[in-house]
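Report on one structure; see the data block that follows.
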Amino acid sequence: MKLFLDTGNLKEIETLAAIGIIDGVTTNPSLLAKEPGDFRSNLKKICDIVKGPVSGEVVATDFAGMIREGREIAQIDPHMVVKVPLTRDGIRACKALTGEGARVNVTLVFSAAQALLAAKVGATFVSPFVGRLDDVASGGMALIGEIVEIFDNYEFATEVLVASCRHPMHIVEAARMGADICTCPAAVIDQLFNHPLTEFGLQKFLKDWERAQAVKA
Ligand code: E4P
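Residue numbers (the numbering used here): 366 to 582.
Quick look at the structure:
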């Protein structure tokens, strides 16, 4: 399963990319709005760091505007993926942009029916938001199971990109269900490393080693 970082922050991306576990990055208008500088040059820098799929979202809500912005985003770098919202115009734009050779990530997906629409128009990625569903007491991970089942039934090539991940169990459950990708904030990826027994075991190994060296000296 691939891990994407859900951020527009270059420092976070550099830090985690250096470890070698980041396959791509997703951004959205809220995330990019927090960062200084021009969003296009920030997206270009992100592509240069991760050398994997980087999603940049259109802010137009009409078909013509999405196509115009989508083409601009796709031209930033060959790694760019155009993100469009799951609306009628977004689905139409997904089909048109995909037809032109762009990769499209359909975002703001909250139901299996919506995911099916995105797959039918050839989306490269579909982004169901599990955390935001959990927030309204509507099991986010159950939706991932439904989408994976539907995509498997029809062998859709669209990848299931689990978005709005809030904690490591979202990632573990997504992996068990066979989702293709999880996108998470840096803090959630950091949590994947942690286990008290790892820390405890390492301290013990080091102490035992030091003690033995002192005896031998
Ligand atoms: C996905 O592409 C979105 O940027 C993101 O996962 C949304 O997460 P949030 O619900 O934590 O804002």
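Here a beta-carbon is modelled for each residue, glycine too, at the ideal position from N, C-alpha and C. In this text, all values refer to a predicted model and were calculated from it rather than measured experimentally.
With a cutoff of 9 Å on beta-carbon distance, Ile411 and Ile378 are scored as near each other. Note on geometry: alpha-carbon atoms of Lys409 and Ser420 lie some 11 Å from one another. Shown here for His535: same chain residues with a beta carbon closer than 6 Å to its own, the five before and five after excluded, namely Val495 in chain order.
In this structure, DSSP gives Ala522 a state outside helix and strand, which the three-state scheme calls coil.
Taking a contact as a CB-CB distance under 8 Å, the pair Leu481 and Ile515 counts as one, their CB atoms being some 6 Å apart.
With respect to the 9 Å criterion, Ala382 and Leu396 are not classified as neighbours on the basis of their beta carbons. Runs of the beta strand (DSSP E) lying entirely within the segment 406 to 437, each at least 3 residues long, are 419 to 422 in chain order. For Lys448, the distance from the CB to the nearest heavy atom of ligand 1 is below 8 Å.
One Cα belongs to Ala502, the other to Cys530, and the distance between them is close to 15 Å.
When DSSP states are grouped into helix, strand and coil, Thr472 belongs to the strand group. As the crow flies, the alpha-carbon of Gly504 is around 6 Å from that of Leu498. In terms of Cα proximity to Met506, the closest of Phe475, Phe565 and Ala458 is Phe475. Fewer than three Cβ pairs drawn from the segment 516 to 529 and the segment 550 to 558 lie within less than 8 Å of each other, which leaves the two stretches out of contact.
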